[in-house]
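Numbering (the working numbering), first residue to last: 5 to 552. Using N, Cα and C, we set each Cβ at its ideal position, and we do this for glycine too. The structure presented is a predicted model; accordingly, all values stated were derived computationally and were not measured.
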Amino acid sequence: MTASKAGPAGTAGNAGNTRLILLTLAAGQFLMALDSSVMNVSIATVAEDIGTTVSGMQGAITAYTLVMAMLMISGGKVGALIGRKRAFMIGCVIYGVGSFTTAIAPNLPVLLLGWSFLEGVGAALILPAIVALVASNFDKEQRPAAYGLVAAAAAVAIAVGPLIGGAATTFFSWRWVFAGEVVVVLVILLLARRIADAPPDHRPRIDVPGALLSAAGIGLFVFGVLRTSEWGWFRPKPQGPSWFHLSPVVWLVLAGLLLVWLFFRWETRLVARGVEPLVDPELLRNRQLTGGLTMFLFQYLVQMGVFFLVPLYLSVALGLSALHTGALILPLSITLLAAAIGIPKFRPNASPRRVVRFGILAMFAGAVILMAALTPDSGPEVVTVPMLLIGLGIGALASQLGAVTVSAVPDEQTAEVGGIQNTVTNLGASIGTAVAGSIMIAMLTASFLTSIDQNPAIPADVKSQAHTSLAGTAPFLSDAQLTTALEEAGTDPAVAQAALDANEKARIDGLRASLGILALAALVALFFTQRIPAAQPGAARDPAGATS
């Protein structure tokens, strides 16, 4: 099935209808991404409201990511079975029910049902369908701009999420965010009638063993990565679990990788028997597709690492409000949208490979500048230029990668690619957040203990107690939080001031180390850009950018 057969958006030149379809799909993508960031500034308030702890809320966030990662590939296959538009609308209904359940949740179990499970299942149906519906509603020359706007909607949601969450929590209630999502879902369902469907050419077979293997493998891997900050990467952290003298993370990641390997062996066996697989292993031999997926992985790794660190610096280290924090992240949205919209509009024939390299270098420059600018005396203004650069980089990548991955396969495989693509982005987001948090805590702890050891004003018994209680697990505390803790402990004023000074320096050292790792990841990504085609989809390609 080609785009020219799909519907009026791509063929009739109805600009108003095209914009409305794009707005509907972008709104769906915005909604899916909003939950990942809107609650970060409200975790403590929500925990108190539903009678749980911050750890309980972190578990809910982890479960939401896990459900999406585990079901994304299967969600793409469901779209091929029942039709992409129907999968999109059913996903919206499930997501809306989950949002309503979350809005009225009286306790953590109901929140887990609504937010982590129902919204996760809805997202697993919606996200792959969006990728396929863009392909079926827009001609090939229109797709880079369409995919750019849809991807930009997700990144903007992550950027403005803290502002929305902060405003709702401050002036109303966090529950209004989810109630608002229900309204948005109803509007999307109303507008979705205009979307041209991408009906399947045949009724595909659902590979149940493959679905179970992929879900279990990806779930174990993502869960292991997400637990690194509490359990440690290799060595078990104090008071943490230990499996055969190693952190459980090691065994969970290895088990996940083994199951993913078994999944692809099973899929290869199905193909050899002439049976339709859940994912065609031949896709991994597609140079252009794997290049686009690799860039998605690195983009979300760096992007989500930055979105984790910058709000932490602004709200904890500087003590800014949720509203102020969100406002300082907004410059990222400006350049992101400018690049995502402007590049396809003004440079429609630009080389995807060059644009992707430019985007990666912009993200690298933003991370390096922020790393260099952070000092114990720096203020909120230091994030402005880095946010502009990182937003520019994300927007440049968003303008190209969606079209790169989808144009690498026939139209009937777009939903399948959509499932894989969103699985990869969830992996990148999980790894980026986990790595940033783990490195930050490790460096913060080392820096804090070193400063304590070198300060002659601190008694030896206090130093020994600090090493015992903080080994590997020093929290990221604001000055106000640490002052309160020291006062409650009756700490000597001189010792308390030394601890405050050490904490201030350690926070910056931790943030710098994490930003350095993210900058390194961006540089590593440059080595894989050769797989990105040198010409736009439909244009002549050089051998390096061709599909193999």
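Annotation for K509: the continuous alpha helix (DSSP H) segment containing it runs P497 to L530. Judged by DSSP in its simplified three-state form, W247 adopts strand.
Inter-residue distance for V189 and F92 is about 11 Å (C-alpha atoms, whole angstroms). Beyond the five residues adjoining it in sequence on each side, S120 comes within less than 7 Å, by CB distance, of A64, A67, Y68 and V71 in the same chain, given in chain order. Residue environment: F175 is assigned as exposed (fewer than 16 neighbouring CB atoms within 10 Å of its CB, all protein chains considered).
Taking 9 Å as the cut-off, the Cβ atoms of A158 and F34 count as close. According to the DSSP assignment, Y99 belongs to the alpha helix (DSSP H) that extends over R88 to A107. Per the coordinates, the alpha-carbon of G152 lies some 32 Å from the alpha-carbon of D211.
Here DSSP, grouped into helix, strand and coil, assigns N21 to helix. In the structure shown, M43 falls within a coil segment according to DSSP collapsed to helix, strand and coil. In this structure, the alpha-carbon of A31 lies about 37 Å from that of G236. Around the CB of Q534, fewer than 16 other CB atoms lie within 10 Å, so the residue is classed as exposed. Taking one beta carbon from each stretch, the segment 517-527 and the segment 434-452 have 3 or more pairs nearer than 8 Å; the two touch. Counting only runs of 4 or more residues that sit fully inside the segment 130-202, the alpha helix (DSSP H) segments are 147-175 and 179-195, in chain order.
Around A371, the same chain offers L519, L522 and A523 as residues with beta carbons nearer than 6 Å, after the five sequence neighbours per side are excluded.
Ranked by how close their Cα comes to the Cα of L224, the residues F532, V253, R23 and G95 have V253 in first place.
In its chain, beyond the 5 residues on either side, S78 and L282 have a beta carbon closer than 7 Å to the beta carbon of A215.
For A73 and Y304, the gap between their C-alpha atoms comes out near 14 Å.
Secondary structure of I536 (DSSP, three-state): coil. Sequence-distant Cβ neighbours of N426 in its own chain, meaning closer than 7 Å and more than five residues away, are M76, L131 and P132.
Sequence-distant partners of N111 (beyond 5 residues in either direction) whose C-beta falls short of 8 Å from its own C-beta, in its chain, are I54, G55 and T56.
Per DSSP, F121 lies in no alpha helix (DSSP H) segment and is marked neither H nor E. Within the same chain, A502 come within 6 Å of N459 by CB-CB distance, once the 5 residues on both sides are set aside. Between I456 and A402, the gap from beta carbon to beta carbon reaches 9 Å or more. Contact check between the segment 232-248 and the segment 360-380: fewer than three CB pairs, one atom from each, fall below 8 Å, which does not count as touching.
Boundaries of the alpha helix (DSSP H) around F368: P356 to A377. The residue from P380, G432 and T339 with its alpha-carbon nearest to that of A510 is P380.
Boundaries of the alpha helix (DSSP H) around S233: T232 to W235.
Proximity of the segment 339-354 to the segment 382-402 meets the contact definition, three or more beta-carbon pairs being nearer than 8 Å. Beta-carbon to beta-carbon, G295 and F531 are separated by about 11 Å, too far to satisfy the 8 Å threshold. For E286, no alpha helix (DSSP H) encloses it, and the DSSP letter there is neither H nor E. L195 and L24 have their C-alpha atoms roughly 8 Å apart. Between A259 and L217, the alpha-carbon positions lie close to 11 Å from each other. The C-beta distance from V181 to Q292 rounds to 39 Å, too long to fall under 8 Å, and the pair is not in contact. Annotation: the continuous alpha helix (DSSP H) that includes K349 extends over A326 to F350.
Rounded to whole angstroms, P414 and I512 show a C-alpha spacing of 49 Å.
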